[in-house]
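So the sequences go chain by chain: A and B. Heads up: the first sequence runs through residues 1227 to 1338, numbered per the numbering used here. Heads up: the second sequence runs through residues 10 to 121, numbered per the numbering used here. Ideal Cβ placement from N, Cα and C applies to all residues, glycine included. Written below as structure tokens is the structure these notes are about.
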Amino acid sequence: AQSVAQPEDQVNVAEGNPLTVKCTYSVSGNPYLFWYVQYPNRGLQFLLKYITGDNLVKGSYGFEAEFNKSQTSFHLKKPSALVSDSALYFCAVPTGANNLFFGTGTRLTVIP
Amino acid sequence: DSGVTQTPKHLITATGQRVTLRCSPRSGDLSVYWYQQSLDQGLQFLIQYYNGEERAKGNILERFSAQQFPDLHSELNLSSLELGDSALYFCASSVDQPGEQFFGPGTRLTVL
């Protein structure tokens, strides 16, 4: 079965510092991997996806993610964190008929 | 704004009652997905419809049912409500590509 795991419930980072939100995956075949973000009292928003090709994927709001096949990871990164990046981040993988299996989520807090 | 609308925004009801949540997908999207987000269970896929037909089922209770109408809007019916059904219910739509789903703002259900 396709699944993802997010090992950290909470990540704190100072404004201006680089941030990383971790995700590992377990899939059969070539993985499709996604990151979504949920701001307070809002629905989820698509950030970026990996389907095939370049291992560094660029997405919305300056985020990028690095696909690493040997480590089965798909970590979300940003070179310089903003306070407005504080939100709940979900890694996801499609299963079956394209519905999504979400990780447990990582709450990112950027400290001014 | 994702283009997906959900009503109502908030719903407060009592145990044993029945409620209906409504979702209108983005224009042109044939797939509708329902997800439940709760503190203890995280974000879970419930059910998917594609152009009026049920396509996939996830962790949906027998007390819950859904349908998609000819105009592509969808309704999620929750009956014999229990305290544990209190959660955020999200609808998402897509053009049937893996993973790129557009989420509505959610309906917050509180069962007292």
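Does residue i come within less than 8 Å of chain B when only Cβ atoms are used?
{"i": "residue 1284 of chain A", "result": "no"}
{"i": "residue 1326 of chain A", "result": "yes"}
{"i": "residue 1233 of chain A", "result": "no"}
{"i": "residue 1295 of chain A", "result": "no"}
{"i": "residue 1304 of chain A", "result": "no"}
{"i": "residue 1270 of chain A", "result": "yes"}
What whole-angstrom Cβ distance do residue i and residue j have, given they're in contact under 8 Å?
{"i": "residue 96 of chain B", "j": "residue 1325 of chain A", "result": "No, residue 96 of chain B and residue 1325 of chain A are not in contact; Cβ-Cβ is about 17 Å, not under 8 Å."}
{"i": "residue 1263 of chain A", "j": "residue 1250 of chain A", "result": "So it is not a contact: roughly 19 Å between Cβ atoms."}
{"i": "residue 1276 of chain A", "j": "residue 1293 of chain A", "result": "5 Å"}
{"i": "residue 1339 of chain A", "j": "residue 109 of chain B", "result": "Coverage of chain A is limited to positions 1227 through 1338, which leaves residue 1339 of chain A absent and any answer about it impossible."}
Less than 8 Å between the C-beta atoms of residue i and residue j, yes or no?
{"i": "residue 85 of chain B", "j": "residue 120 of chain B", "result": "no"}
{"i": "residue 1300 of chain A", "j": "residue 1259 of chain A", "result": "yes"}
{"i": "residue 116 of chain B", "j": "residue 34 of chain B", "result": "no"}
{"i": "residue 112 of chain B", "j": "residue 12 of chain B", "result": "no"}
{"i": "residue 1302 of chain A", "j": "residue 1313 of chain A", "result": "no"}
{"i": "residue 1238 of chain A", "j": "residue 1332 of chain A", "result": "no"}
{"i": "residue 118 of chain B", "j": "residue 20 of chain B", "result": "yes"}
Using only the alpha-carbon positions, how far apart do residue i and residue j sit?
{"i": "residue 68 of chain B", "j": "residue 54 of chain B", "result": "6 Å"}
{"i": "residue 78 of chain B", "j": "residue 1319 of chain A", "result": "28 Å"}
{"i": "residue 1330 of chain A", "j": "residue 80 of chain B", "result": "34 Å"}
{"i": "residue 39 of chain B", "j": "residue 1295 of chain A", "result": "33 Å"}
{"i": "residue 76 of chain B", "j": "residue 60 of chain B", "result": "10 Å"}
{"i": "residue 1321 of chain A", "j": "residue 30 of chain B", "result": "25 Å"}
{"i": "residue 1281 of chain A", "j": "residue 1298 of chain A", "result": "12 Å"}
{"i": "residue 1234 of chain A", "j": "residue 1316 of chain A", "result": "11 Å"}
{"i": "residue 82 of chain B", "j": "residue 1256 of chain A", "result": "33 Å"}
{"i": "residue 57 of chain B", "j": "residue 94 of chain B", "result": "19 Å"}
{"i": "residue 51 of chain B", "j": "residue 1327 of chain A", "result": "11 Å"}
{"i": "residue 1338 of chain A", "j": "residue 87 of chain B", "result": "43 Å"}
{"i": "residue 1227 of chain A", "j": "residue 1253 of chain A", "result": "7 Å"}
{"i": "residue 63 of chain B", "j": "residue 107 of chain B", "result": "17 Å"}
{"i": "residue 1232 of chain A", "j": "residue 47 of chain B", "result": "17 Å"}
{"i": "residue 1267 of chain A", "j": "residue 1279 of chain A", "result": "35 Å"}
{"i": "residue 1269 of chain A", "j": "residue 32 of chain B", "result": "13 Å"}
{"i": "residue 1261 of chain A", "j": "residue 1240 of chain A", "result": "22 Å"}
{"i": "residue 1236 of chain A", "j": "residue 15 of chain B", "result": "29 Å"}
{"i": "residue 1274 of chain A", "j": "residue 1311 of chain A", "result": "15 Å"}
Would you say residue i faces chain A, with C-beta separation under 8 Å as the test?
{"i": "residue 40 of chain B", "result": "yes"}
{"i": "residue 54 of chain B", "result": "yes"}
{"i": "residue 26 of chain B", "result": "no"}
{"i": "residue 65 of chain B", "result": "yes"}
{"i": "residue 51 of chain B", "result": "yes"}
{"i": "residue 73 of chain B", "result": "no"}
For residue i, verify whether its CB is less than 7 Å away from any heavy atom of the ligand GTP.
{"i": "residue 107 of chain B", "result": "In terms of ligand content, the structure shown is empty, and the ligand GTP therefore cannot be addressed."}
Evaluate the contact criterion for the segment 1237-1252 of chain A versus the segment 1303-1310 of chain A: three or more CB pairs, one atom per stretch, below 8 Å. yes
Can you confirm whether the segment 98-118 of chain B touches the segment 26-44 of chain B when touching is taken to mean that 3 or more C-beta pairs between the two stretches lie within less than 8 Å? yes
Segment contact, 8 Å Cβ cut-off, at least three pairs: the segment 1280-1288 of chain A with the segment 18-29 of chain B: no
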